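One gets our numbering by counting positions in the sequence shown from 1 and adding 33 to each.
Idealized CB from N, CA, C, for every residue including glycine.
Quantities reported herein were computed from a predicted structural model and do not represent experimental measurements.
One structure is given here, and the rest of the page talks about it.
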Amino acid sequence: MDVARKAEDDIRRRLVELGPWFHNIEVQGVPTAPDHFLGDYPSFKWQGFKEVVPEDLAGRSVLDVGCNAGFYSFEMKKRNAGRVLGIDADPHYLRQARFVAEQTGLDVEFRQMSVYDVGKLGEKFDLVLFMGVLYHLRHPLLALDLLYEHVVADQMLFQCLQRGDERLPELQENYDFSEWSLFDRADYPKLFFVEERYASDPTNWFIPNRAAMEAMLRSSGFSIEAHPEREVYLCRRAQRHYAAEVPPRIC
Numbered sequence: 034m035d036v037a038r039k040a041e042d043d044i045r046r047r048l049v050e051l052g053p054w055f056h057n058i059e060v061q062g063v064p065t066a067p068d069h070f071l072g073d074y075p076s077f078k079w080q081g082f083k084e085v086v087p088e089d090l091a092g093r094s095v096l097d098v099g100c101n102a103g104f105y106s107f108e109m110k111k112r113n114a115g116r117v118l119g120i121d122a123d124p125h126y127l128r129q130a131r132f133v134a135e136q137t138g139l140d141v142e143f144r145q146m147s148v149y150d151v152g153k154l155g156e157k158f159d160l161v162l163f164m165g166v167l168y169h170l171r172h173p174l175l176a177l178d179l180l181y182e183h184v185v186a187d188q189m190l191f192q193c194l195q196r197g198d199e200r201l202p203e204l205q206e207n208y209d210f211s212e213w214s215l216f217d218r219a220d221y222p223k224l225f226f227v228e229e230r231y232a233s234d235p236t237n238w239f240i241p242n243r244a245a246m247e248a249m250l251r252s253s254g255f256s257i258e259a260h261p262e263r264e265v266y267l268c269r270r271a272q273r274h275y276a277a278e279v280p281p282r283i284c
């Protein structure tokens, strides 16, 4: 067996040991999840909105919240970002991410940390990635408030699973207490609560429709600058809703 073949076999063995993988990432030419049920995920998703991220992120700091195996963290580093930090609550994914970093030589730091703990970081980042995490959280608005308060200095790239009506309704600022029919409208902002499982995943808790997702972002203090594809938003830190309280210091 030649050296190259042995090296590839060693990579394949390690990928199996570190599996299962949710991010399909090429490691020395070997894919981590070639049979992913979504296809080449998240690469095919990234292709649809990567143009909203500058090609050159030189000097900019990036925080990837819920980084999984680090696909987006590595893409930011490939775009010449300065400091890139990926955090995830699951040590299984962090082992994968660190292995990919080791094999690719990309200088990305990974820490085990929940989104609810971001105040412990004690710093703000030029770009925060919050991709595919919100609907897995028991406290989604708290998470957005904590990100706004503690780590988003400028922009946030955001993605969340959405279901239900995709129209954006025209709503008044206020309605009388006697108004009931409003809530029967299919396009009214809604969060669907999953008590047990959706897609066989017990951590899929709240799934918004589009109107609810955009309203939640605005309420938490984020202005939507771009909506390059379904479920994906580029946001900028703006003004929190006048009635929204500063989140508790749970760190």
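Identify whether residue i lies in helix, strand or coil by the three-state DSSP scheme.
i: G52; result: coil
i: L215; result: helix
i: D73; result: coil
i: S253; result: coil
i: F132; result: helix
What separation, rounded to the nearest whole angstrom, lies between the Cα atoms of residue i and residue j?
i: D97; j: M109; result: 9 Å
i: N101; j: E142; result: 13 Å
i: V279; j: D178; result: 7 Å
i: A271; j: Y181; result: 9 Å
i: E59; j: T65; result: 6 Å
i: H169; j: H260; result: 22 Å
i: S214; j: P53; result: 46 Å
i: L201; j: Q61; result: 44 Å
i: P281; j: F163; result: 20 Å
i: I120; j: F210; result: 43 Å
List the residues that DSSP assigns as beta-bridge partners of residue i.
i: E262; result: V265
i: M164; result: Q192
i: H119; result: At residue 119 the sequence reads Gly, which differs from the His that was named. Note: G119 sits in a beta bridge opposite D97 and F143.
i: E59; result: P64
Answer yes or no: do residue i and residue j have a C-beta to C-beta separation smaller than 7 Å?
i: F158; j: A122; result: no
i: G115; j: R144; result: no
i: V85; j: L267; result: yes
Practice problem: Tell me, please, whether the region 125-144 touches the region 183-195 by the rule of three or more beta-carbon pairs shorter than 8 Å. | Solution: no
Quiz item: Quick check: the region 168-177 against the region 235-252, are there 3 or more CB pairs under 8 Å?
Solution: yes
Quiz item: Taking contact to mean at least 3 C-beta pairs separated by less than 8 Å, is the region 236-245 in contact with the region 210-228?
Solution: yes
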